[in-house]
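Participant: Residue numbers (my numbering): 7 to 532. Ideal placement from N, C-alpha and C gives every residue a C-beta, glycine not left out. Please read these numbers as outputs of a predicted model, since none were measured by experiment.
(1) DSSP beta-bridge partners for residue 470?
(2) Where do the ends of the beta strand (DSSP E) carrying residue 489 lie?
(3) Which residues in the same chain as residue 225 place their Cβ atom closer than 7 Å to its Cβ, once the five residues preceding and following it in sequence are excluded?
(4) Whole alpha helix (DSSP H) runs in the segment 329 to 415 with 4 or more residues, listed along the chain?
(5) Rounded to whole angstroms, what's the CA-CA distance from residue 297 to residue 36? Just pull it up for me.
(6) According to the Cβ coordinates, are residue 113 and residue 171 closer than 8 Å?
(7) Buried or exposed: where does residue 46 fall if 16 or more other Cβ atoms within 10 Å of its Cβ makes it buried?
(8) Spatial neighbours of residue 370 within its chain, please: C-beta separation below 6 Å, excluding the five flanking residues on both sides.
(9) Considering only residues of the same chain and omitting the five flanking positions on each side of residue 503, which have a CB-CB separation below 6 Å?
(10) Taking residue 470 as the reference, give the member of 41, 352, 382, 501 with the closest Cα.
(11) Please return the same chain residues whose Cβ sits closer than 6 Å to the Cβ of residue 31, not counting the five positions on each side in sequence.
(12) Name the DSSP bridge partner or partners of residue 463?
(13) Can residue 285 and residue 262 be called in contact, C-beta distance under 8 Å?
(14) Quick check on residue 249: does DSSP put it in helix, strand or coil?
(15) Could you pull the DSSP bridge partners for residue 506 from this structure?
(16) Is the beta carbon of residue 475 closer than 8 Å to that of residue 70?
(17) Three-state secondary structure (DSSP) at residue 4?
(18) Less than 8 Å between the beta carbons of residue 34 and residue 103, yes or no?
(19) Taking the alpha helix (DSSP H) that residue 181 falls in, what are its first and last residues?
(20) Spell out a yes or no on whether the segment 70 to 81 and the segment 194 to 201 are touching, meaning 3 or more CB-CB pairs, one atom from each, closer than 8 Å.
(21) DSSP has residue 200 in a bridge; who is on the other side?
(22) Less than 8 Å between the beta carbons of residue 269 and residue 291, yes or no?
(23) With H, G and I counted as helix, E and B as strand and the rest as coil, what does DSSP make of residue 126?
(24) Alpha carbon to alpha carbon, how far is residue 319 from residue 96?
(25) Give the secondary structure of residue 68 by DSSP, where H, G and I count as helix, E and B as strand, and everything else as coil.
(26) Under DSSP, the alpha helix (DSSP H) around residue 89 begins and ends at which residues?
(27) To the nearest angstrom, how far is the alpha carbon of residue 14 from that of residue 61?
(28) I need the straight-line Cα distance from residue 159 to residue 165, nearest angstrom please.
(29) Look at the Cβ atom of residue 118, then the Cβ atom of residue 374, and state whether they are nearer than 8 Å.
(30) Between which two residues does the alpha helix (DSSP H) harbouring residue 283 extend?
(31) Given that a residue counts as buried once 16 or more other Cβ atoms are within 10 Å of its Cβ, and exposed if not, what is residue 415?
(32) Does the beta-carbon of residue 110 have 16 or more other beta-carbons within 10 angstroms, so that it is buried, or is it exposed?
(33) By DSSP, does residue 522 sit in helix, in strand, or in coil?
(34) Check residue 476 in the structure and name its three-state DSSP category.
(35) Okay, do the segment 354 to 362 and the segment 275 to 283 touch, 3+ Cβ pairs below 8 Å being the bar?
(36) Could you tell me the alpha carbon to alpha carbon distance between residue 134 and residue 329, rounded to whole angstroms?
As structure tokens, this is what we get:
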């Protein structure tokens, strides 16, 4: 894309400093945007899994020595470290979660900006590529709902950026680093298994000038990185776990809860159910493009949309293959095939329908890197570059505006995606109070009553916390000294409990410095 004199010019010290400064600026802007989006004022709600971690850590039930959730084996340690840092700085555990999300969001944006700048030598396009990813609705949804996907997509971002930078001049050590990044993706979430496939797909199947022994060596190096990365985590887990080492190993080897079929026959039936796969892709497309507001309800439309998306991806793969043969550059082909493969594999993951938006969080990332691959070899005139930049800028502007409209609608109607997924009435498991998010409500309550030694609620005010960790996690984070007027035995069945106080003992337990809700006052006859 850039003219030849710029490409071949030696990278001076000033250029390198300018490159680092630009990337640092992108990172800072991304961090500030993520921090603002997860502020109590703008946050829609806390994701179910993240809220569960928030509750357990803020309540002191989850420590460094606690057994880890094997579906996200390494995630709790990042949360624990972030919460500890936030508390040292005078914040709450929720601020630690926000800090962690901000750091990883900023790092992902920085990696994309660095990759685009290194390949295109254009700060404008580097900024546009990072902005396209950051403003895509699939990314904005994760941002406004404090999803842990923002954290565990980062190794995938680094892995794909490594391929973009080194794919046409690949070294054996690159395969090893790719394996390490794949291990990090798997340890942060089992969804990362999809990213773990990419180093082996490249080593063995992507056309390139490498004989079979070199391909095998690349595969072995990637496997070594993957195994060593996971082994290093196992050693760390054994060192910090409170369980004996045999029980610790058995815990890590235990199969996590899964929505996948448990028998071979059921799995084969799921794989062969092409209509369900196409429908899944159609739902994900509807969520990404129409933000759960699409006007069509017919199942045939979703199946047809899924088929069209696959057809478009196949056409992109074919075009990328022809392009690669002519230019002898395999970037676009690699990303196009990997994009198609991840789309097909993800269609087998059929759980809560709104979650398809999270399962396909790789979509904006692949589209961004496909754009970089196109621009790298396209011989565009200055006018053509401006036209492409303007088109991408319009897309970014549209994405940002539509995402903010979605967020405003969610805040105004107090709905979330699962309250009316694709026109269907299903329970709103993540419903929020009229004032806004639970985090905002409880933080505002604490700020308005700085002299309160504790906060007392009546049971009906928090009864939804039995199944909604967003409520209980926010209380423990913002109001660690709290009581709920209810018989302790009634709350003992809760998976994530609050501090129960028997109303009959309230007179003797409360000292008078507590803040009482109106319902609590009525319950106690005050």
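Facilitator: Quick look at the numbers:
(1) Answer by DSSP bridge pairing: none, since residue 470 is not bridged.
(2) 488 to 491
(3) 206, 209, 210
(4) 337 to 352, 362 to 365, 369 to 383
(5) 22 Å
(6) no
(7) buried
(8) 139, 142, 144, 145
(9) 497
(10) 501
(11) none
(12) 490
(13) no
(14) coil
(15) 490
(16) no
(17) Residue 4 lies beyond the residue range present for the chain, which begins at 7 and ends at 532; the question has no answer from this structure.
(18) no
(19) 178 to 194
(20) yes
(21) Note: residue 200 sits in no beta bridge, so no partner.
(22) no
(23) helix
(24) 49 Å
(25) coil
(26) 81 to 94
(27) Low local confidence applies: a pLDDT of 41 at residue 14 is under 50, so the model's placement there is unreliable, with the coordinate-based value given in what follows. Residue 14 and residue 61: Cα-Cα distance of roughly 54 Å.
(28) 10 Å
(29) yes
(30) 280 to 296
(31) exposed
(32) buried
(33) strand
(34) helix
(35) yes
(36) 24 Å
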